[in-house]
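Asker: Going line by line, the protein sequences match chains P and G. Heads up, the numbering used here is the position in the first sequence plus 1198, with the first residue counted as 1. Heads up, the numbering used here is the position in the second sequence plus 1198, with the first residue counted as 1. The following block contains the structure, expressed as C-alpha cells.
2 protein chains.
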Amino acid sequence: MTTQSDSTLPAPGTRSARKREAILAAATGVFLKSGYLGTNMDEIAALSHVSKQTVYKHFSSKEALFIEIVTGMTDITGDAVHDYFHPLGDNDDLAAYLEAYAYRQLSIVVTPRIMQLRRLVIGEVSRFPELARVLYEHGPGRALKILADLFQQLDAQGRLAIDDPVMAAEHFNWLVMSAPLNRAMLLGDDAIPGEAHLRRYAHEGVRVFLAAYGAR
Amino acid sequence: MTTQSDSTLPAPGTRSARKREAILAAATGVFLKSGYLGTNMDEIAALSHVSKQTVYKHFSSKEALFIEIVTGMTDITGDAVHDYFHPLGDNDDLAAYLEAYAYRQLSIVVTPRIMQLRRLVIGEVSRFPELARVLYEHGPGRALKILADLFQQLDAQGRLAIDDPVMAAEHFNWLVMSAPLNRAMLLGDDAIPGEAHLRRYAHEGVRVFLAAYGAR
DNA sequence: GGCTAGAACTAGACGGTACAGTACTACTCT
DNA sequence: AGAGTAGTACTGTACCGTCTAGTTCTAGCC
C-alpha cells in the first residue's frame, strides 16, 4: 500500500536513507504550510540541512516529492483509523462499540496535520485529481465500506433495522464527523474541538443513528 | 453585505462599469480554474479583452481582486440559499417542509461553481483565513443559526423534541449535505449527484432526523 | 585497525522562465 | 477636450531544475 518514487529505496539506517527521511520531513512541513505552488525547493533543502542536489537525487521533481508525501500521509492515516478495528462480539454493547469507533476516527482525523492535508489536497483537486481520489478512497471511502458491511451484518442479526447499508454508513459517518470537520476545515486549527467535545459528537451522533436505525 | 475594493464604483452601464464586470467575470473563471497562485493577471486581462492597465485601474492588486471575487460569490450564494426561506405554517407538513428546505440548499450548494469556490477557499485557509471565516459564516454558520432557531420554536410548540437546538441543527444540516458534499469535494465535479439522488439525500436525511428528534 | 575507490553530498552559481505591477505613448469613447 | 483605455515594453523578483568543483562518507579489502 506504500508508494515510492523510485523502484529502489536506500537501505534503512544508511546516510542516504537518513537524508531521504530528513527531506521528506521538511518537505511535509513546507507543503502543508504553503501549499504546492507556494512551496519552493530551496526552502526544503535548507530546512532539511541538505543541498538541493541531494533533494533532486532522491526525488525527481517537486511534483514527485509532493505526490510521495501526500500518498504517504494518506496511507498512514487510513491505516491508523482501521488498524485497531476489532469485530463486535455477540454480547458487546452496540452503542458503546459504535461510540468507540466514532471517537477513534474523530480523534485521528480532526487533527491539525490531517486537517491541513485535507485542505491541501482539496485545494489541488484540479491539479492533482488522482491524489484527491486516493485520499477519498483511503479515508471516507474505506470507512464507508467497512461500516456498510458491518451494518448489513447487524441487520441480518436483527440488531439493527437497515434498508440501505451504504446510506446508513454515510449517515453514521457524517453524523459523527461532519460538524467538527467542517468547522475546522474553514475556521482553522484553532476551531478544532477538544477531547470532551469530540466525545460528545461521538455520543450524540450514535444516539441519533440508533434512534433511526436501531432494531425495533 | 457586499464588499467593494474601492469606496467608489463606476456608475452602472458606463463603459467603465462594463469593463469592471468583464474583468470580474473573467477573473472569477480563472481563479476558480487555477487557484490563487496559479492565476496570472495577464490571462485575466486577455480573457476580459482589457489591458492590464485597466485591470489595475479597477483593482489595486491581485489580492484585492481575489478577495472581491470570493466575498462576492459568498454573499450571492448565501443569499440564494436563504432568500426564499418562508416560515412554517401551523398546519404545514413538517417532513415535507424540512425536505424542501434540504433540497433547495443541496441543489444550490452542490454545484460545480460553488464546489470549486469551496475548494479554492479551503486551499487558501492559511493565506486568507479571513475569507474562509466569511465563507463559513455566510454558509454553514448562517444555516445552522436559522435551523437552531427553527428547531427551538418547534420544540416549544411540541412538534419536535429537542434538547440542544445547535446540535440538532448540525445533525440536520450534515445528514443532508455531507455525503454529496464530501464526495464532490474530493472526487471532482463528475461526482456531483443528479437531481434524483439529491432528492433522495434530502428525503433520507429528514427521515433519520425525525426518527431521532420527532415529537414522541 | 588502516586504506582506497567510488558513491553521496555540499555550496553556490546559473539558465531559463514566469509573473506582479509600472511606465509610456497612442488611440477612442463620451 | 479630456478621461479612460489599448498595447506593449520594462523592472524586479522568484524559483525550478542543472551544473561544477570540491568534500565527506561508506563498503570492502588488506
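From the three backbone atoms N, C-alpha and C, an ideal C-beta is built for every residue, glycine too. Every value quoted in this text rests on a predicted model; they were computed, and no experiment measured them.
Which residues in the same chain have their Cβ closer than 8 Å to the Cβ of T1275/G, if we skip the five residues on either side of it in sequence?
Answerer: Taking the second sequence and counting its residues from 1, one reaches residue 1275/G at position 77. Contacts found: I1306, V1307, I1312, L1315, H1336 and G1337.
Asker: Return the bridge partner residues of G1412/P from the DSSP annotation.
Answerer: Here residue 1412/P refers to the residue found at position 214 when the first sequence is read from its first residue. Note: G1412/P sits in a beta bridge opposite L1358/P.
Asker: If I measure Cβ to Cβ from L1296/P and keep anything under 8 Å in the same chain, skipping five residues before and after, which residues do I get?
Answerer: Translated into positions along the first sequence, residue 1296/P becomes position 98. The residues are F1370, V1404, F1407 and L1408.
Asker: Suppose contacts are defined by Cβ-Cβ distances below 8 Å. Is E1368/P in contact with M1365/G by that definition?
Answerer: Within the first sequence, numbered from 1, the residue matching residue 1368/P stands at position 170. Within the second sequence, numbered from 1, the residue matching residue 1365/G stands at position 167. For E1368/P and M1365/G, no; Cβs fall outside 8 Å.
Asker: What first and last residue would you give for the alpha helix (DSSP H) that runs through N1371/P?
Answerer: Within the first sequence, numbered from 1, the residue matching residue 1371/P stands at position 173. Per DSSP, N1371/P belongs to the alpha helix (DSSP H) from P1363 to L1385.
Asker: Return the residue from the list K1231/G, L1230/G and A1225/G that minimises the CA-CA distance to S1246/G.
Answerer: The residue you call residue 1246/G lines up with position 48 of the second sequence. The shortest C-alpha separation from S1246/G is found at A1225/G.
Asker: Any C-beta of chain G sitting closer than 8 Å to the C-beta of T1200/P?
Answerer: Taking the first residue of the first sequence as 1, we reach residue 1200/P at position 2. Note that T1200/P has pLDDT 38, beneath the 50 cutoff, so the model's placement of it is unreliable and the number below is only indicative. For T1200/P, the answer is no, since every Cβ of chain G falls outside 8 Å of its Cβ.
Asker: Can you tell me whether R1218/P is buried or exposed, with buried defined as 16 or more other CB within 10 angstroms of its CB?
Answerer: For the purposes of this step, residue 1218/P is taken as the residue at position 20 of the first sequence. Buried, by the Cβ-count rule.
Asker: Smallest Cα separation from E1412/G: which of H1284/G, E1393/G, D1353/G and W1372/G?
Answerer: Counted from its first residue, the second sequence places residue 1412/G at position 214. Rather than Glu, the amino acid found at residue 1412/G in this sequence is Gly. The residue with the shortest Cα to Cα distance from G1412/G is D1353/G.
Asker: Measure the alpha-carbon distance for K1231/G versus H1284/G and round it to whole angstroms.
Answerer: Numbered from 1 along the second sequence, position 33 holds the residue referred to as residue 1231/G. Numbered from 1 along the second sequence, position 86 holds the residue referred to as residue 1284/G. Each residue's Cα considered, the two are about 35 Å apart.
Asker: Quick check: the Cα distance between A1220/P and F1264/P, rounded to an integer number of angstroms?
Answerer: Taking the first residue of the first sequence as position 1, residue 1220/P is located at position 22. Taking the first residue of the first sequence as position 1, residue 1264/P is located at position 66. Computed Cα separation, rounded: 15 Å.
Asker: Against chain P, which members of the region 1226-1256 of chain G pass a CB distance test of less than 8 Å?
Answerer: K1231, S1232, G1233, L1235 and G1236
Asker: Using DSSP with H/G/I as helix, E/B as strand and the rest coil, what is S1258/G?
Answerer: As a working note, residue 1258/G is residue 60 in the second sequence. Coil, per DSSP.
Asker: Measure how close the beta-carbons of R1414/G and A1359/G come, nearest whole angstrom, since I'm counting them as under 8 Å.
Answerer: Reading the second sequence from its first residue, position 216 is the one you call residue 1414/G. Reading the second sequence from its first residue, position 161 is the one you call residue 1359/G. Contact flag correct, Cβ pair sits at about 6 Å.
Asker: Note down, in chain order, every chain G residue with its Cβ under 7 Å from the Cβ of Y1334/P.
Answerer: Within the first sequence, numbered from 1, the residue matching residue 1334/P stands at position 136. Near Y1334/P (Cβ distances below 7 Å), the residues of chain G are L1384 and L1385.
Asker: Cβ of N1289/G less than 8 Å from any chain P Cβ?
Answerer: Translated into positions along the second sequence, residue 1289/G becomes position 91. No, its Cβ sits nowhere closer than 8 Å to a Cβ of chain P.
Asker: Looking at the C-beta of L1358/G, does it have a partner C-beta in chain P at a distance below 8 Å?
Answerer: Walking along the second sequence from the start, residue 1358/G turns up at place 160. No, no contact with chain P.
Asker: Going by C-alpha distance, which of N1380/P, F1257/P and A1215/P is nearest V1319/G?
Answerer: Within the second sequence, the letter at position 121 stands for residue 1319/G. Answer by Cα proximity: N1380/P.
Asker: Starting from D1288/P and walking both ways along the alpha helix (DSSP H), at which residues does that stretch end?
Answerer: Along the first sequence, one-based indexing puts residue 1288/P at 90. That residue, D1288/P, is in no alpha helix (DSSP H); it is neither H nor E in DSSP.
Asker: With distances taken between CB atoms, is the gap from Q1303/G to V1279/G smaller than 8 Å?
Answerer: Residue 1303/G sits at position 105 when you count from the first residue of the second sequence. Residue 1279/G sits at position 81 when you count from the first residue of the second sequence. In contact: Q1303/G and V1279/G (Cβ atoms closer than 8 Å).
Asker: Does A1409/G have its Cβ less than 8 Å from a Cβ in chain P?
Answerer: As a working mapping, residue 1409/G is identified with position 211 in the second sequence. True, the Cβ-Cβ gap to chain P drops below 8 Å.
Asker: Suppose the cutoff is 6 Å on Cβ atoms and the five residues either side in sequence are ignored; what does the same chain contact list for T1237/G look like?
Answerer: Your numbering for residue 1237/G matches position 39 in the second sequence. These residues qualify, in order along the chain: V1228 and F1229.
Asker: Sort T1252/G, A1341/G and A1215/G by Cα distance to Y1299/G and report the nearest one.
Answerer: As a first step, residue 1299/G is located in the second sequence; it is residue number 101 there, counting from the start. If we check each option's Cα against that of Y1299/G, A1341/G comes out closest.
Asker: Which whole-angstrom value is the C-beta distance of Y1334/G and L1384/P, which I expect to be below 8 Å?
Answerer: Taking the second sequence and counting its residues from 1, the one referred to as residue 1334/G is at position 136. Taking the first sequence and counting its residues from 1, the one referred to as residue 1384/P is at position 186. Yes, Y1334/G and L1384/P are in contact; Cβ-Cβ is about 4 Å, under 8 Å.
Asker: Let me see if you follow: with CB-CB separation under 8 Å, is V1307/P close to chain G or not?
Answerer: The residue you call residue 1307/P lines up with position 109 of the first sequence. Not an interface residue.
Asker: Quick check: what's the CA-CA separation for G1211/G versus A1243/G?
Answerer: Here residue 1211/G corresponds to residue number 13 of the second sequence, with the count starting at 1. Here residue 1243/G corresponds to residue number 45 of the second sequence, with the count starting at 1. Cα to Cα, G1211/G sits roughly 20 Å from A1243/G.
Asker: Hey, is E1416/P's beta-carbon within less than 8 Å of any beta-carbon in chain G?
Answerer: Residue 1416/P falls outside the range modelled here, since chain P spans only 1199 to 1414, and no answer is possible.
Asker: My parser needs the alpha helix (DSSP H) runs of 4 or more residues fully inside the region 1264-1308 of chain P; what are they?
Answerer: 1292-1307
Asker: If you count every other CB in all the chains shown that lies within 10 Å of the CB of Y1282/G, and 16 or more means buried, which is it?
Answerer: For this step, residue 1282/G is matched to residue 84 along the second sequence. Y1282/G comes out exposed.
Asker: Compare the beta carbon distance of Q1355/P and P1363/P with 8 Å and say whether it is the shorter of the two.
Answerer: For the purposes of this step, residue 1355/P is taken as the residue at position 157 of the first sequence. For the purposes of this step, residue 1363/P is taken as the residue at position 165 of the first sequence. Result no, Cβ atoms of Q1355/P and P1363/P do not sit closer than 8 Å.
Asker: Please say whether R1317/G and G1339/P have beta carbons closer to each other than 8 Å?
Answerer: In the first sequence, counting from the first residue as 1, residue 1339/P sits at position 141. In the second sequence, counting from the first residue as 1, residue 1317/G sits at position 119. No, they are not a contact pair.
Asker: Roughly how many angstroms separate the alpha carbons of Y1234/G and L1222/P, rounded to a whole number?
Answerer: On the second sequence, position 36 is the one that residue 1234/G refers to. On the first sequence, position 24 is the one that residue 1222/P refers to. Using only the alpha carbons, I get a separation of about 25 Å.
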